[in-house]
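2 protein chains.
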Amino acid sequence: MSASGTRAGGRTGRRAGPGGSRDDIAEAALPLFASGGFDGVTVREIAAEAGVDPALIYHFYGSKRALFDELIALPFDPEEVVRNALAGGVDELGTRIVTFMVTQLRDPVLGERTVAVLRTAAAQPEAAAVLRELYSRRLLEPLAHALRADRPRLRAALCSSQLIGLAMAEHVIGIEPLVDAATEDLIAIYAATVQRYLTEPLPG
Amino acid sequence: MSASGTRAGGRTGRRAGPGGSRDDIAEAALPLFASGGFDGVTVREIAAEAGVDPALIYHFYGSKRALFDELIALPFDPEEVVRNALAGGVDELGTRIVTFMVTQLRDPVLGERTVAVLRTAAAQPEAAAVLRELYSRRLLEPLAHALRADRPRLRAALCSSQLIGLAMAEHVIGIEPLVDAATEDLIAIYAATVQRYLTEPLPG
DNA sequence: CGTTGAAGTCAACAGCCGTTGAACTCCGGC
DNA sequence: GCCGGAGTTCAACGGCTGTTGACTTCAACG
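Take a look at the structure:
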């Protein structure tokens, strides 16, 4: 569709016509990565699902790793989420952060991205580091810090453990009552836990 | 050492002498499976770590899968754990179940078994089913049922999500404040959450 | 002694992996 | 018309995978 104008000054030859195989590859790859993790999917499987030659993946993305990285690239801006979460009463902080996570996890695209990283993290330390830095350090630690609570890093870790557990239990292990639960019920239940982890007195 | 008596009546030939390579293989394989999951470790890596020829693994165990299955075979009897957990006041039920899990996770051998299954579950649906059936259905559901609480399956799922999250956050993602936390502190914190999931009124 | 069978070794199989490079098609710009 | 480059295809590379079968070694038995 469209794609008839000159894209860059000096270039000649055939312009980026229809075809759209690049997007086909991305759309085929994300669900596959989400259900098998990086190592659980082969380039040939992705190509077959996209109806495309395997070599085309390298033509567009350079490597399997680069394709994966582009697909899971930063689904959100942690600092913005932190700002939004803090932009209201402190009492509903748990609710806002859990709402954000549950909604993201149940979004068709964003959820697949997160699950893909989660599954990959089980076998690849670098993917685990992404999760660790992004959610615990950049997202939850600033929140715990903003509350001026004691031991903010431990509190962030506790919240992370519950949110990661929810993601794993619902989307990886597939525990039925969680899969079938209403979004609002999950939010209400887990918001209370997260709120407690952020404000409750801690032992030790 | 020892191994001088006749082991089985009709057998002749070389008796099971020292060597002990079978155990060497098992001891080398468990930590490897724990840190990479089933697919993240090769037979040749296990053999090298055990100081043994790869073919010897097949001589003793038949297949990589059979080796894995034998290593992670039922680390505990769920029914016994349920009985022990119920053999005291209902108010400390959360504490007992969390104590069991945290202790198991931090045990050098039992912890590696559980983490091996957890990492494998990320890529293999069958391993995920093991976790689902063992922890949620055989362990936590009977407990929730014994409390005569409403929606026992959802309550068991909630507890599972927190316990799986703790295992993932501490042993797979490696979130520092959890790794460094004292066992008793973790128990105190998570016991309260689990207890609430079992007894708290639920929305919906 | 010689026989036996488990323990252990070696080399190889077929199959899949990620990746590469050359070739061909096609079409907009000169 | 010609040309060049993007889109696309094909075949192949080296390397690694789980697994197998034939072979050697050797302590315990009759």
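If you read the protein sequences in the order shown, they are chains A and B.
Taking the numbering used here, I'd label the letters of the first sequence as residues 1 to 204.
Taking the numbering used here, I'd label the letters of the second sequence as residues 1001 to 1204.
Every residue gets a Cβ at the ideal spot worked out from N, C-alpha and C, and that includes glycine.
Note that this is a predicted model, so its numbers are computed, not measured.
Under the DSSP assignment, GLY37/A falls outside any alpha helix (DSSP H); it carries neither an H nor an E label.
CA-CA distance, ALA1146/B to GLY204/A, rounds to 32 Å. Within its own chain, the residues whose Cβ lies closer than 7 Å to the Cβ of MET1101/B, once the five positions on either side in sequence are excluded, are LEU1163, listed in chain order. When 7 Å is used as the limit between beta carbons, ILE173/A is near these residues of chain B: ALA1121, ALA1128, LEU1131, ARG1132 and ILE1164, in chain order. Burial state of HIS171/A is buried, judged by a 10 Å Cβ sphere holding 16 or more other Cβ atoms. Judged by DSSP secondary structure, TYR1190/B falls within the alpha helix (DSSP H) whose first and last residues are 1183–1199.
At a cut-off of 7 Å between C-beta atoms, PRO177/A counts as an interface residue with respect to chain B. For the C-beta of ARG153/A, the chain B residues within less than 7 Å are, from N- to C-terminus, PRO1177. If you look at THR114/A, you'll find it in the alpha helix (DSSP H) that goes 108–121. Ranked by how close their Cα comes to the Cα of ALA1156/B, the residues GLU176/A, VAL52/A and ALA182/A have GLU176/A in first place. Within chain A, ASP39, ALA122, ALA123 and GLN124 have C-beta atoms less than 9 Å from the C-beta of GLY1040/B, given in sequence order. SER1021/B carries a helical assignment under DSSP once its states are collapsed to helix, strand and coil. With its beta carbon less than 7 Å from one in chain B, GLY204/A belongs to the interface. Residue burial is scored here from C-beta neighbours: GLY51/A has fewer than 16 other C-beta atoms within 10 angstroms and is therefore classed as exposed. Against chain B, the CB of SER63/A has no partner CB under 7 Å away; the residue lies outside that interface. Under the rule that a run must span 4 or more residues, the alpha helix (DSSP H) segments found entirely inside the stretch 43–107 of chain A read 43–50, 54–61, 64–72, 78–86 and 93–106. When Cβ pairs closer than 8 Å are counted between the two stretches, the stretch 1107–1127 of chain B is seen to touch the stretch 1027–1038 of chain B, the count reaching three or more. One finds ILE189 in chain A with Cβ atoms closer than 7 Å to the Cβ of LEU1158/B, taken in chain order. From the beta-carbon of GLY36/A, the residues of chain B found nearer than 7 Å are ALA1123.
Residue contact with chain A for THR1193/B: present (Cβ-Cβ distance below 7 Å to some residue of chain A). Buried is the label assigned to PRO1142/B, since at least 16 other Cβ atoms lie within 10 Å of its Cβ. The Cβ atoms of ARG119/A and ALA1026/B do not sit closer than 7 Å to each other. Three or more Cβ pairs closer than 8 Å define a contact, and the stretch 1128–1135 of chain B falls short of that threshold against the stretch 1048–1063 of chain B. Per DSSP, GLU170/A is not a residue of any alpha helix (DSSP H), being assigned neither H nor E. In its chain, beyond the 5 residues on either side, LEU139, PRO142 and LEU143 have a beta carbon closer than 7 Å to the beta carbon of VAL82/A. Neighbourhood of ASP185/A in chain B, by CB distance below 7 Å: PRO1203 and GLY1204, in chain order.
For SER21/A, not one C-beta of chain B is nearer than 7 Å to its own C-beta.
Using a Cβ-Cβ cut-off of 7 Å, MET1168/B is close to ILE164, GLY165 and MET168 of chain A, given in chain order. In this model, PRO1201/B and GLY111/A are separated by some 29 Å (Cα to Cα).
Contact annotation for ALA181/A against chain B: LEU1154, ALA1157 and GLY1204 [CB-CB distance below 9 Å, chain order]. Distances from the CA of GLY1174/B to each of GLY62/A, LEU198/A, ILE72/A and GLU126/A were compared; the closest alpha carbon is that of GLU126/A.
Taking C-beta separations shorter than 8 Å and ignoring five residues to either side along the sequence, the partners of LEU158/A in its chain run TYR197, following chain order.
Apart from the 5 residues on each side of it in sequence, SER1160/B sits with its Cβ closer than 7 Å to the Cβ of TYR1135, SER1136 and LEU1140 in its chain, given in chain order.
At the C-beta level, ALA167/A and LEU105/A come within 7 Å of one another.
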